[in-house]
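The next block holds one structure in the form of structure tokens; read it before the comments.
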Amino acid sequence: MVNYNKKRILQIPSKSKSIPVLVYHKVDPRWEWGGTRITPKKFEQQLAYLKARDYCTLSLPDYLNKCHSGKIGRNYVVLSFDDSYESIYHYAFPLLKKYDFTATVFVITDFIGRENTWDANLGGRTFKHLSAYQILEMSNHGIQFGSHTASHPCLTLLSREVIQKELKDSKHILESLLNRTVDFISYPFGRTDTRVIKTARRIGYKGGVIFKSPKKRSIPPEFRIERQGVYLLDNLTLFKAKLGENTLNHIEQKRLKLINFFSLGTVIVQGLKK
Ligand SMILES: [Zn+2]
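In this text, residue positions in the sequence shown follow the working numbering: the first is 1, and each later residue adds one.
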């Protein structure tokens, strides 16, 4: 294990030799207006592609260890899920087991086993979150869990006290449920700042994941692990680009930007509509 002490300088590798970190939201065949869903069929096609290319999935501590060692060698990828929807248990979990892959799921702890009333739910349809039993079963099969806060607020808009409560409560609830330490946080809406990160470190988090890394050098790299969102409209060419395998032509780049903008925009709009 890497000793993540404050003075250690962690090298997140440059683009040419980086390990891709992917994030999914719902893996669900049911239609919804939001852009972050992916169908189980498409999810399986992507896992089959990863398997065919001999990718090995990593936990976040292993990802940081690999980045730190600088010895990447084979194809690695980190799979993660934000919001801990129940569809992950029904559709993604069986496929992860089938392909012998691991993943990290970020849980909104106030909503364990409940409907997603925290969300704007465009079109009026609600979706259920993972129950405590489902989280435990997945954990027993090697799926890792992290905090996505207690109630999914935009952390950068909160007072220091409320930030502390969101980060601390969610960590404690998950740790007592799983009987193991919870070291990573996914910032709701991908929004974080130095205040949030200072609080997270003080509470005992070892790292955090984000969509687009802020340029701020004052934020330690392990607290701004950048992820690529994978969405319904991504085809295999775009999926490969998100793995860093290919460079896209001009038209494909525009398409990628548009899909990312639309899909990530959905997440942000939903946050603002609260
Ligand atoms: Zn979220």
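Heads up, the beta-carbon is just placed ideally off N, CA and C, and yes, glycines get one too.
Asked, Found
"Contacts around D83, its chain only, beta-carbon distance under 6 Å, and the 5 residues preceding and following it disregarded", "H25"
"Residue burial classification, N3 (beta-carbon count within 10 angstroms, cutoff 16)", "Unreliable positioning characterises N3 in this predicted model, as indicated by a pLDDT of 44, which lies under 50. The coordinate reading is nonetheless provided below. It is exposed - the Cβ of N3 has fewer than 16 other Cβ atoms within 10 Å."
"Touching by the beta-carbon criterion (3+ pairs, under 8 Å), the segment 182–195 and the segment 133–149", "yes"
"Alpha-carbon spacing of F239 relative to Y99, whole angstroms", "18 Å"
"Of the listed residues R227, R255, L233, nearest to G244 (C-alpha basis)", "R227"
"H172 beta carbon near ligand 1 (any heavy atom closer than 7 Å)", "no"
"Neighbourhood of D110 by C-beta distance below 6 Å, restricted to the same chain and skipping five residues each side", "A150, S151"
"Beta-carbon gap between L167 and T199 smaller than 8 Å", "yes"
"Span of the alpha helix (DSSP H) around T194", "194–203"
"Cutoff 8 Å: L256 Cβ touching any chain D Cβ", "Looking at the structure shown, chain D is missing, and only one protein chain is on hand."
"Residue closest to E175, alpha-carbon to alpha-carbon, out of C154, A52, I135, S69", "I135"
"Selection from L47, D193, R255 that minimises the alpha carbon distance to V91", "It should be pointed out that residue 91 corresponds to Tyr in this sequence rather than to Val. Nearest C-alpha to Y91: L47."
"With 16 other Cβ atoms within 10 Å as the buried cut-off, status of P94", "exposed"
"Helix, strand or coil at H32 according to DSSP, with G and I counted as helix", "Position check: residue 32 holds Glu in this sequence, whereas His was assumed. It is coil, neither helix nor strand."
"Same chain only: Cβ atoms within 6 Å of F127, ignoring 5 sequence neighbours per side", "Y85, N116"
"H129 beta carbon near ligand 1 (any heavy atom closer than 7 Å)", "no"
"Per-residue DSSP class, three states only, for K71", "coil"
"From F223, F189, P221, R224, residue whose alpha carbon lies closest to that of D36", "One point to set straight first is that residue 36 is Thr, not Asp, in the sequence displayed. Comparing Cα-Cα distances from T36 to each of F223, F189, P221, R224, the minimum goes to F189."
"beta-carbon P188 near ligand 3 non-hydrogen atom, thresh 7 Å", "Ligand 3 is absent from the structure shown, which contains only ligand 1."
"Limits of the alpha helix (DSSP H) - the one that I143 falls within", "Element bounds for I143: n/a, residue is neither H nor E."
"Cα-Cα separation between Q253 and V105, rounded to whole angstroms", "29 Å"
"Separation of G208 from R191, as counted between CA atoms", "11 Å"
"Residues bridged to K128 [DSSP beta-bridge criterion]", "E115"
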